[in-house]
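**Q** Encoded as structure tokens, here's the structure I'll be asking about.
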Amino acid sequence: MIRLREMSERIVVQTPITTADAAGGQGIVWQNLASLWAEVRPASATEGNRIGGTTTRRFLKIFIRERSDIALPIQVIWVGKTLRVLALRANGPGHTELECEEILQ
Numbered sequence: 284m285i286r287l288r289e290m291s292e293r294i295v296v297q298t299p300i301t302t303a304d305a306a307g308g309q310g311i312v313w314q315n316l317a318s319l320w321a322e323v324r325p326a327s328a329t330e331g332n333r334i335g336g337t338t339t340r341r342f343l344k345i346f347i348r349e350r351s352d353i354a355l356p357i358q359v360i361w362v363g364k365t366l367r368v369l370a371l372r373a374n375g376p377g378h379t380e381l382e383c384e385e386i387l388q
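In terms of our numbering, the sequence shown opens at residue 284 and continues consecutively.
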């Protein structure tokens, strides 16, 4: 169970909005949905090789109060970093876990 005092990190949850671009195509713009208190925990990290160097992926678990307006696809901004949300899970009564990924070049 998550305690309120453990939710000491501020995050911003964003949702994608599809917009028309000048060339007649479509682009995605991320719009702020909510600014929330959360608990952020490191989960794991992996490293791999690709053309141009090494890529490190860091996985984080973010715990928030349950909200009915949060559904995939979303992303999270935390301490200036953009995190891709891979999954949402109920985590006990009234709480949601977000499984997130940050790609470090």
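Quick reminder that beta carbons are idealized off the backbone N, C-alpha and C, glycines included.
(1) Let me check understanding here. Comparing Cα to Cα, which of N374, A328, E385 and W361 lies closest to S291?
(2) Let's test the definition: count the other Cβ atoms within 10 Å of the Cβ of Q297 and tell me whether it reaches 16, buried, or not, exposed.
(3) Note down, in chain order, each residue of its chain lying with its Cβ closer than 6 Å to the Cβ of V295, except the 5 sequence neighbours on either side.
(4) Let's see if you can read the secondary structure: which residues bound the beta strand (DSSP E) around V323?
(5) I need the DSSP call for E289, collapsed to helix, strand or coil.
(6) Please list, in chain order, all residues of the same chain as R367 whose beta carbon is under 6 Å from its beta carbon, the five residues on each side excluded.
(7) Starting from R350, follow its DSSP beta bridges and name the residues at the other end.
(8) Taking the alpha-carbon of T301 as reference, which of D352, P356, L369 and K364 has the nearest alpha-carbon?
**A** So, from the listed chains and residues:
(1) The residue labelled residue 291 in the question sits at position 8 within the sequence shown. Residue W361 is the option with its Cα nearest to S291.
(2) Counted from its first residue, the sequence shown places residue 297 at position 14. Counting other Cβ atoms within 10 Å of its Cβ, Q297 reaches 16 or more and is therefore classed as buried.
(3) As a working note, residue 295 is residue 12 in the sequence shown. For V295, where only same-chain residues beyond five positions count, the Cβ hits under 6 Å are N315, S318 and I360.
(4) Looking up residue 323 in the sequence shown gives position 40. Looking at the DSSP string, the run of the beta strand (DSSP E) that includes V323 is Q309 to R333.
(5) Translated into positions along the sequence shown, residue 289 becomes position 6. The three-state secondary structure of E289, taken from DSSP, is helix.
(6) In the sequence shown, the residue the question calls residue 367 occupies position 84. Counting only residues of its own chain and dropping the five nearest sequence neighbours on each side, R367 has a CB closer than 6 Å to the CB of Q358 and E384.
(7) Mapped onto the sequence shown, residue 350 falls at position 67. Note: R350 sits in no beta bridge, so no partner.
(8) Position 18 of the sequence shown, counting from 1, holds the residue named residue 301. The residue with the shortest Cα to Cα distance from T301 is P356.
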